[in-house]
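Chemist: For what it's worth, my numbering labels the leading residue of the sequence shown as 16, then goes sequentially.
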Amino acid sequence: MGAKMCPMPDTLVFALIFGGMLMGIQGERWRAAWARSEWRARKSRRGYKGTKPVLAFSKLGPAPTDAANQLRIVTGAHFEKRRLLSKKEAEIFHQLESAVATVGKGWRVMAQVNLGEILSSPQKEAFGAINSKRVDMLVVCNRSLPLAAVEYQGEV
Numbered sequence: 016m017g018a019k020m021c022p023m024p025d026t027l028v029f030a031l032i033f034g035g036m037l038m039g040i041q042g043e044r045w046r047a048a049w050a051r052s053e054w055r056a057r058k059s060r061r062g063y064k065g066t067k068p069v070l071a072f073s074k075l076g077p078a079p080t081d082a083a084n085q086l087r088i089v090t091g092a093h094f095e096k097r098r099l100l101s102k103k104e105a106e107i108f109h110q111l112e113s114a115v116a117t118v119g120k121g122w123r124v125m126a127q128v129n130l131g132e133i134l135s136s137p138q139k140e141a142f143g144a145i146n147s148k149r150v151d152m153l154v155v156c157n158r159s160l161p162l163a164a165v166e167y168q169g170e171v
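See below:
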């Protein structure tokens, strides 16, 4: 028996996913433009002339690079649980789950997926650039292959 292929999406599910992707792309463009303008404003307020690079982590001491040092830091720290998704993201997640369930083809919706888990590249620099990025929601087929990514750029 041959391997089962991921089924093609229904029109409604495809439209929903495609619309979410377009909203995410536009939202990311807006966020990047806003962040760039904020950075320029901070840079001009400080009178930065480009002569001396500033390392943000220099005040924190040495980076915890080895496992023993990381374990020492973590065991001495206090942690509190926090939401995986914002309220609006959770609402969208549940709507997306319902839409995917109506298709009934074994698809699943995952939340907060690291792109390094679903993408690979033989170029180390390219993989490093996406490894720490994530998407809010990911639709996978019954073989756990990604079908669509959704990024919500609304209020938290």
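Cβ coordinates follow ideal geometry from the N, Cα and C atoms, glycine included. The model shown is predicted, which means the values in this text are computed figures rather than measured ones.
#1: What residues in its chain sit with their C-beta under 6 Å from that of T117, if we drop five residues either side in the sequence?
#2: Looking at the structure shown, is R46 part of a helix, part of a strand, or coil, going by DSSP?
#3: I need the straight-line Cα distance from V155 to A114, nearest angstrom please.
#4: So the candidates are S147, A141, A164 and W122; which of them puts its Cα closest to the Cα of R158?
#5: Please report the straight-line C-alpha distance between E172 and P137, rounded to a whole angstrom.
#6: In terms of residues, what are the limits of the alpha helix (DSSP H) holding A92?
#7: Which stretch, first to last residue, makes up the alpha helix (DSSP H) that contains L153?
#8: Helix, strand or coil for Q127, going by three-state DSSP, please let me know.
#9: Does the beta-carbon of A164 have 16 or more other beta-carbons within 10 angstroms, so that it is buried, or is it exposed?
#10: Provide the residue span of the beta strand (DSSP E) that contains L162, from first to last.
#11: Within the continuous alpha helix (DSSP H) that includes S113, where are the two ends?
#12: How would you label V150, buried or exposed, when you count the other beta carbons within 10 angstroms and need 16 or more for buried?
#13: Could you compute how far the alpha carbon of F142 sits from the alpha carbon of V128?
#14: Buried or exposed for F108, please, with buried defined as at least 16 other CB atoms from any protein chain shown within 10 angstroms of its CB.
#15: Mind checking I32: buried by the 16 CB within 10 Å criterion, or exposed?
Modeler: So, from the listed chains and residues:
#1: Within the sequence shown, numbered from 1, the residue matching residue 117 stands at position 102. Nothing listed; no residue qualifies.
#2: Residue numbering aside, residue 46 sits at position 31 when the sequence shown is read from its first letter. Reduced to three states, the DSSP call for R46 is helix.
#3: Taking the first residue of the sequence shown as 1, we reach residue 155 at position 140. Taking the first residue of the sequence shown as 1, we reach residue 114 at position 99. Between V155 and A114, the C-alpha separation is close to 13 Å.
#4: For the purposes of this step, residue 158 is taken as residue 143 along the sequence shown, with counting starting at 1. Considering only alpha carbons, the answer is W122.
#5: There is simply no residue 172 to check, as the chain begins at 16 and stops at 171 in what is shown.
#6: For the purposes of this step, residue 92 is taken as the residue at position 77 of the sequence shown. That residue, A92, is in no alpha helix (DSSP H); it is neither H nor E in DSSP.
#7: What you label residue 153 is simply residue 138 of the sequence shown in a count that begins at 1. Not the alpha helix (DSSP H): L153 falls in the beta strand (DSSP E), residues R149 to V155.
#8: Locating residue 127 in the sequence shown gives position 112, where the first residue counts as 1. Strand at Q127.
#9: On the sequence shown, residue 164 is found 149 positions in, with the first residue counted as 1. So A164 ends up on the buried side.
#10: As a first step, residue 162 is located in the sequence shown; it is residue number 147 there, counting from the start. L162 -> beta strand (DSSP E) spans P161 to V165.
#11: Residue mapping note: residue 113 aligns to position 98 of the sequence shown, counting from 1. Here the alpha helix (DSSP H) through S113 covers K102 to V118.
#12: Looking up residue 150 in the sequence shown gives position 135. V150 should be labelled buried.
#13: As a first step, residue 142 is located in the sequence shown; it is residue number 127 there, counting from the start. As a first step, residue 128 is located in the sequence shown; it is residue number 113 there, counting from the start. Answer to the nearest angstrom: the Cα atoms are 15 Å apart.
#14: Taking the first residue of the sequence shown as position 1, residue 108 is located at position 93. F108 should be labelled buried.
#15: Position 17 of the sequence shown, counted from the first residue, corresponds to residue 32. Buried, since its Cβ has 16 or more Cβ neighbours within 10 Å.
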